[in-house]
Amino acid sequence: YFSGLIAMSGSLLSHFVFDKKPMETTRYIATAHGCPTENVGEMLNCLQELPMEKIISVDSKLSNVQMLTDGFISEISALLGSGPVVEGNDDG
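FYI, this note's numbering numbers position 32 of the sequence shown as 1235, with every residue one higher than the one before it.
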């Protein structure tokens, strides 16, 4: 049973939907908002207190930073910013 769903286009199996550097992305967003980055638990607690709009705005800026630091767009994932990741057994 389920109470709802979100219909989205695309496939989770596409190579470009995964954030290849999830911790780097998270630390960038945390730093931009003054959250601690050394202790993952403290960083998570701080990020959970932020309004969604603030996280999204920084994530959009991150896409531009990644394009500048990684050179010209080498794959479509550079346009998408962060995305889903496959986490290990101990995700914190």
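Just so you know, even glycine gets a beta-carbon here, dropped at the ideal spot from N, CA and C.
Straight-line gap, residue i to residue j (C-alpha atoms, nearest Å)
{"i": "Thr1228", "j": "Lys1264", "result": "11 Å"}
{"i": "Lys1223", "j": "Val1289", "result": "10 Å"}
{"i": "Tyr1231", "j": "Glu1252", "result": "16 Å"}
{"i": "Asn1248", "j": "Tyr1204", "result": "31 Å"}
{"i": "Pro1239", "j": "Gly1291", "result": "22 Å"}
{"i": "Ala1233", "j": "Asp1293", "result": "21 Å"}
{"i": "Met1259", "j": "Gly1237", "result": "Here residue 1259 turns out to be Ile, not Met, going by the sequence shown. If you take the alpha carbons of Ile1259 and Gly1237, they lie about 15 Å apart."}
{"i": "Val1243", "j": "Leu1250", "result": "10 Å"}
{"i": "Glu1241", "j": "Gly1207", "result": "37 Å"}
{"i": "Ala1235", "j": "Val1261", "result": "7 Å"}
Residue i burial status per 10 Å Cβ neighbour count (16 or more: buried)
{"i": "Met1255", "result": "exposed"}
{"i": "Met1246", "result": "buried"}
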